[in-house]
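Enquirer: Chains as they are written, first to last, in the working numbering: chain A, 1 to 444; chain B, 445 to 873; chain C, 874 to 1246.
Mind having a look at this structure? Questions to follow.
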């Protein structure tokens, strides 16, 4: 009876799968007509092959980001930016039709937050997808650590619009992740620049000489907090305490009570909203530290007060004196046009990493252009050509954030960090991030 | 067995006779059965993905990858089955041993530690380290009652990842240990690679087979019988001379050993270990697999774990793909606005587990592929009731035959002791 | 019951126990302040402990703040978080006392209470920020409690009826596993409906209402949460000891068969227990939302475990014990965080659980129950 049941279950499963099977990925036969209309004002999409030429077939650009919870608020603008870039390039590059269908958008979140193992599984799938030529993502440095070995072995170009941890590209930890030539590039700068930028801003511009640091013990949060601490001390400021509270902490009030006793003039948080950015601020307000400047990295710059689950939405009125940094350029020449195009397409203002997502897509499209020009015979050769083009150190990419080159590690030449403050009147009174200034560290 | 009862259940008897013949045969040649069974299953798993409809769902290499990952959970389920199903100790912190095995391998085979030890000995060492911890964490729980035992093991299951998380100087904290070296090449089968999981799959099939043989032998041995005794009535078992301390510790140790094996394998496959891979959700998932598969039945939990894992990784994603084909419109019911197109079935995974667990406990606690013994245990109340209902049917006693065999002649009003043969509790066995 | 003289816990033994515990608590406090002493540099050879304590209480640290205000602020904070744990622990202990089941789902009931209060305050009442007028604030608070407590209590009763009652006579493993299943169902329902991120909870108590106290400031919110919990706990105590239904509950907890022979309706009593437990958890949820300003689908799991530890610590089945245990756990957690060990707070709580279960399974105030096999 047991055997019978087993075979019955197996049989039903087979039938179910048979009924449900759908070949994954897009077809490789060239499609006619019905492609997206080329936009009139394409900003900065350089290309070698004639635009609109899709004779060589269809390829996909995969996206790999956390799509649950508060991280969705940070990831959705990136997806929108990528798709906008592809659309404005006419949906074609290097003689191929470029598509970003939902089937190649992967979610590395598990139970609401990014998960390295899920990310690794996704990257294995990405590499295994026959039509994917490059991948954009991930959002979190800890996920990238799990993914780079896989995409590197598979030889797929990976461009991240948001990873800022230096260990992904510099030094011995980065070497351990790569067995083959580099395939990973990023259009944002690293935390060893982002952290110090905040330190400089607090010390010089806001004028606070003492700070209380708290990080979320994760790759990104700890890294940026440590970099911040080093720079702040170097400038002569006092770090009253550097605490660590993992994202599972529920009660921050006791920690902040102890912090209050040390009387810091400002607070720096290393981490993202999902790991406690807003909760810490609320606890600080509760113990009487609500008026000191609260500064965080790009992890809290994830949308206005209207965006669900964003830092400003959760902290509400307590965020009146908050600042954040973005490891990327904030004010670029094409910004107004980009914002207008984005709003026309998606009905919202671009937030957070929408711009860098767009830039990543531009880089990838340009790499496909250059790679496709060598007329590769098959997909493997195309991937290798795209990878080589994308990581070539002598190529200059004209992107929306400016002209950038990549060094031999995959880091961008553009080392600009922008600083944002909170405008309580923005987003119909709910609060929004307002661009303050940006600092170029490439010159230093 | 009385004539009345035989008359009432003829079909069941014939089927039972056939089944018991197969069962006897497999029990006598258990290891051979396991080898042959696993060989058939492995061959099926190798060749089926090449054909439709399977090759439309995932690519062949992805199937092998999924099978290898499923194998990890199969091992975990078999190990937890020893603790929960055989010995009756509700262990809710099972993921702790999984973590210990994984981190052991990470310490011995990564750039972080600088060591690179051969893989097969590390399997054994990892399992042994986990076993030691199994004894260490099981020892304080020996005197505790079932529910307290559960809470305490839950506590340990939470503590171990926290310790790994917080001791940053030794474990790199939340970033985990990455770049773990893969095993050396298997001759004739291939490299262990991220994109070539076939070698992992074959290795896992081998490990599962050996583990199954081992566990079945244990189950049939003195230790296995001692576990059964403890599970059913600890006081009576102790009164019969069973050393409950060593028996329970052995259960924990063996459960931990299997989890350690799974941990070493998983670390070598994923090449990164971090504390958030080992939280309570893993323990819960394995527990759900054991309950669904059938507590106490070794191949039952293996099958259950495999099926549940496949549903989780393949079927739920397929449901998403099917749903996209339907192009659902958002649902607007007054204040509730539900965007049906945004339903992601993979996020319902734990909801389904919870519902399945509750449903199983209420309706079929012995699981989908139960062992006969457990089914009897869990339904003994129902069986007694059923037997009494059966007994209301007229039963003919051949009094003359009975009397002549005893050399007596009963009077008209005499009965023997007021009972009829059908009154034996539990019916025939 | 056998005729063996069961040792009565004499009143003076009780008093002695309480004195011992109080002394130990003061000692721990002193040790914590000792750490402050180390910072203050007052630890010279000539200073005795009382002298050093006196110094600390009046001593100023490097930034010119006295330690006493901080200690008081931490204490108030610990009391308020301990109050939440106590409320949840009461639910655990009541249910365990009566049907000997660890209700794993109780923590998630409490989480749903927090969500319900968010729905009421944010959705129905449309509050977003602090309310500054006393009367509306008071009414809103009462309203949130009146809305949440019955709903969550009835939900708890419903779960008991649907899931636990059929398994009342099953082997002990079955209801335990079912409770875990229910816990995951509740968590994932919240996850599906509300999403996985933090959800904003309207903090109707204005955060600016602080009582300045030297260098510290004590938030009125903490005091209010403590008072709410205290009121609820005393009401419960009065109900259990004075009312007929409460007597029925105590009788059923003591001996199920005998009490049903005495005419107590078992099903009704158990349902009442779950109702009360659920109401207390709902109240705790309201308090959480007010205090922390956010709710999340998984906040019940960890809090539930800590509350269960509190119940065990105080003596499972004992109401005063659960309250005491809740406050003790609150203090442990609070001081661990304030000393910089916030990452280890869960570890500490489980270590407490382990020690209690190994060395004194009956807890601080509990009495020896029959078998432990």
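The C-beta atom is built at its ideal place from N, Cα and C for all residues, glycine as well.
Going along the chain, which residues of its own chain have a beta-carbon closer than 6 Å to the beta-carbon of residue 1206 of chain C, five neighbours each way excluded?
Expert: Along the third chain, one-based indexing puts residue 1206 of chain C at 333. Same-chain partners within the cutoff: 1218.
Enquirer: Are the CB atoms of residue 78 of chain A and residue 138 of chain A within a distance shorter than 7 Å?
Expert: The residue you call residue 138 of chain A lines up with position 138 of the first chain. The residue you call residue 78 of chain A lines up with position 78 of the first chain. The answer is no: Cβ separation not under 7 Å.
Enquirer: What does the Cβ neighbour count give for residue 180 of chain A, buried or exposed, with the cut at 16 atoms within 10 Å?
Expert: Here residue 180 of chain A refers to the residue found at position 180 when the first chain is read from its first residue. In this structure residue 180 of chain A is exposed. Its beta-carbon is surrounded by fewer than 16 other beta-carbon atoms within 10 angstroms.
Enquirer: In terms of residues, what are the limits of the alpha helix (DSSP H) holding residue 191 of chain A?
Expert: Within the first chain, residue 191 of chain A is the residue found at index 191, counting from 1. In the DSSP assignment, residue 191 of chain A falls within the unbroken alpha helix (DSSP H) covering 191-200.
Enquirer: Please name the residue, chosen from A/204, A/74, A/282, that lies closest to residue 1081 of chain C on a Cα-to-Cα basis.
Expert: Residue 1081 of chain C sits at position 208 when you count from the first residue of the third chain. Closest by alpha carbon: A/282.
Enquirer: With a CB to CB cut of under 7 Å and the five nearest residues on each side skipped, what residues in its chain are close to residue 1123 of chain C?
Expert: Here residue 1123 of chain C is taken as the residue at index 250 of the third chain, counted from 1. Only residues of its own chain outside the window of five on either side were considered, and among them 1113 have a CB closer than 7 Å to the CB of residue 1123 of chain C, listed in chain order.
Enquirer: Using a Cβ-Cβ distance cut-off of 7 Å, determine whether residue 964 of chain C contacts chain B.
Expert: Looking up residue 964 of chain C in the third chain gives position 91. Look at residue 964 of chain C: its C-beta is not under 7 Å from any C-beta on chain B.
Enquirer: Nearest to residue 247 of chain A by CA position, among A/90, A/323, A/273, A/362, is which residue?
Expert: Mapped onto the first chain, residue 247 of chain A falls at position 247. It is A/273.
Enquirer: Residues of chain A with a CB under 7 Å from the CB of residue 718 of chain B: which are they?
Expert: Against the second chain, residue 718 of chain B aligns to sequence position 274. Going along chain A in sequence order, the residues near residue 718 of chain B (Cβ under 7 Å) are 116.
Enquirer: Counting contacts by CB-CB distance shorter than 7 Å, is residue 1070 of chain C in contact with chain A?
Expert: Position 197 of the third chain, counted from the start, is the residue given in the question as residue 1070 of chain C. Residue 1070 of chain C counts as touching chain A.
Enquirer: What residues in its chain sit with their C-beta under 7 Å from that of residue 1119 of chain C, if we drop five residues either side in the sequence?
Expert: Counted from its first residue, the third chain places residue 1119 of chain C at position 246. These residues qualify, in order along the chain: 1112, 1113.
Enquirer: Write down every uninterrupted run of the beta strand (DSSP E) in the region 1017-1103 of chain C whose length is 3 residues or greater and which is fully enclosed by it, in chain order.
Expert: 1083-1086, 1089-1092
Enquirer: At a cut of 8 Å, does the region 103-114 of chain A reach the region 384-391 of chain A through at least three beta carbon pairs?
Expert: no
Enquirer: Can you grab the Cα-Cα spacing for the pair residue 620 of chain B / residue 702 of chain B, in whole Å?
Expert: In the second chain, residue 620 of chain B corresponds to position 176, counting from 1. In the second chain, residue 702 of chain B corresponds to position 258, counting from 1. One C-alpha to the other measures close to 23 Å.
Enquirer: Could you tell me whether the region 476-490 of chain B touches the region 638-654 of chain B, using the rule of 3 or more Cβ pairs below 8 Å?
Expert: yes
Enquirer: Within a Cβ cutoff of 7 Å, which residues of the same chain sit near residue 1238 of chain C, ignoring the five residues on either side of it in sequence?
Expert: Working through the third chain from its first residue, we reach residue 1238 of chain C at position 365. These residues qualify, in order along the chain: 1187, 1188, 1191, 1193, 1194, 1197.
Enquirer: What residues in its chain sit with their C-beta under 7 Å from that of residue 1069 of chain C, if we drop five residues either side in the sequence?
Expert: Within the third chain, numbered from 1, the residue matching residue 1069 of chain C stands at position 196. The residues are 1170.
Enquirer: Which residues of the region 682-710 of chain B have a Cβ closer than 7 Å to any Cβ of chain C? Give them in chain order.
Expert: none
Enquirer: Over what stretch of residues does the beta strand (DSSP E) that includes residue 433 of chain A continue unbroken?
Expert: Numbered from 1 along the first chain, position 433 holds the residue referred to as residue 433 of chain A. Residues 432-440.
Enquirer: To the nearest angstrom, how far is the alpha carbon of residue 915 of chain C from that of residue 1201 of chain C?
Expert: Position 42 of the third chain holds residue 915 of chain C. Position 328 of the third chain holds residue 1201 of chain C. Note on residue 915 of chain C: pLDDT 46, under 50, position unreliable in the model; the coordinate value appears next. Taking the straight line from one Cα to the other gives about 29 Å.
Enquirer: Just to confirm my understanding: we take residue 253 of chain A, look at its own chain, exclude 5 residues before and 5 after, and list those with CB closer than 7 Å. What are they?
Expert: Working through the first chain from its first residue, we reach residue 253 of chain A at position 253. So the qualifying residues of the chain are 283, 286, 287.
Enquirer: DSSP three-state label for residue 474 of chain B, please.
Expert: Along the second chain, one-based indexing puts residue 474 of chain B at 30. In the structure shown, residue 474 of chain B sits in a helix (DSSP, three-state: H, G or I).
Enquirer: Write down every uninterrupted run of the beta strand (DSSP E) in the region 112-137 of chain A whose length is 3 residues or greater and which is fully enclosed by it, in chain order.
Expert: 132-136
Enquirer: I need the straight-line Cα distance from residue 311 of chain A to residue 588 of chain B, nearest angstrom please.
Expert: Along the first chain, one-based indexing puts residue 311 of chain A at 311. Along the second chain, one-based indexing puts residue 588 of chain B at 144. So the two alpha carbons sit approximately 46 Å from each other.
Enquirer: Of all Cβ atoms in chain B, is any one closer than 7 Å to the Cβ of residue 917 of chain C?
Expert: For the purposes of this step, residue 917 of chain C is taken as residue 44 along the third chain, with counting starting at 1. In this prediction, residue 917 of chain C scores a pLDDT of 46, lower than 50, which makes its location untrustworthy; no coordinate-derived value is stated.
Enquirer: By DSSP's criteria, residue 58 of chain A is part of a beta bridge. Which residues make up the other side?
Expert: As a first step, residue 58 of chain A is located in the first chain; it is residue number 58 there, counting from the start. For residue 58 of chain A, which the question treats as bridged, DSSP gives the partners A/97.
Enquirer: May I have the straight-line CA-CA distance separating residue 511 of chain B from residue 562 of chain B, to the nearest angstrom?
Expert: Numbered from 1 along the second chain, position 67 holds the residue referred to as residue 511 of chain B. Numbered from 1 along the second chain, position 118 holds the residue referred to as residue 562 of chain B. So the alpha carbons of these two residues sit roughly 24 Å apart.
Enquirer: For a cutoff of 7 Å on Cβ pairs, would you count residue 1080 of chain C as touching chain A?
Expert: Taking the third chain and counting its residues from 1, one reaches residue 1080 of chain C at position 207. Closer than 7 Å to some Cβ of chain A, the Cβ of residue 1080 of chain C qualifies, so yes.
Enquirer: By Cβ distance below 7 Å, which residues in the same chain neighbour residue 260 of chain A in space, the five residues on each side in sequence not counted?
Expert: Taking the first chain and counting its residues from 1, the one referred to as residue 260 of chain A is at position 260. For residue 260 of chain A, where only same-chain residues beyond five positions count, the Cβ hits under 7 Å are 287, 288, 289.
Enquirer: Please classify residue 750 of chain B as buried or exposed, where buried requires at least 16 other C-beta atoms within 10 Å of its C-beta.
Expert: One-based indexing of the second chain puts residue 750 of chain B at position 306. For residue 750 of chain B, the number of other beta carbons within 10 angstroms of its own is at least 16, and it is reported as buried.
Enquirer: Let me confirm a value: residue 495 of chain B is counted as buried when at least 16 other C-beta atoms fall within 10 Å, else exposed. Which label applies?
Expert: Walking along the second chain from the start, residue 495 of chain B turns up at place 51. By the C-beta density criterion, residue 495 of chain B is exposed, having fewer than 16 other C-beta atoms within 10 angstroms.
Enquirer: Okay, do the region 506-522 of chain B and the region 590-600 of chain B touch, 3+ Cβ pairs below 8 Å being the bar?
Expert: no
Enquirer: Using a Cβ cut-off of 7 Å (strictly closer), state whether residue 154 of chain A contacts chain B.
Expert: For the purposes of this step, residue 154 of chain A is identified with residue 154 of the first chain, where counting begins at 1. Taking Cβ atoms only, chain B reaches closer than 7 Å to residue 154 of chain A, which makes this a yes.
Enquirer: In the DSSP assignment, find the unbroken beta strand (DSSP E) run with residue 106 of chain A in it and report its ends.
Expert: Position 106 of the first chain holds residue 106 of chain A. Segment 105-107, the beta strand (DSSP E) holding residue 106 of chain A.
Enquirer: Cβ closer than 7 Å: which chain C residues qualify as neighbours of residue 797 of chain B?
Expert: Within the second chain, numbered from 1, the residue matching residue 797 of chain B stands at position 353. Ordered by position in chain C, the residues that pass the 7 Å Cβ test against residue 797 of chain B are 1057.
Enquirer: Check residue 723 of chain B in the structure and name its three-state DSSP category.
Expert: The count along the second chain starts at 1 and reaches residue 723 of chain B at position 279. In the three-state reduction of the DSSP assignment, residue 723 of chain B falls in the coil class, being assigned neither a helical nor a strand state.
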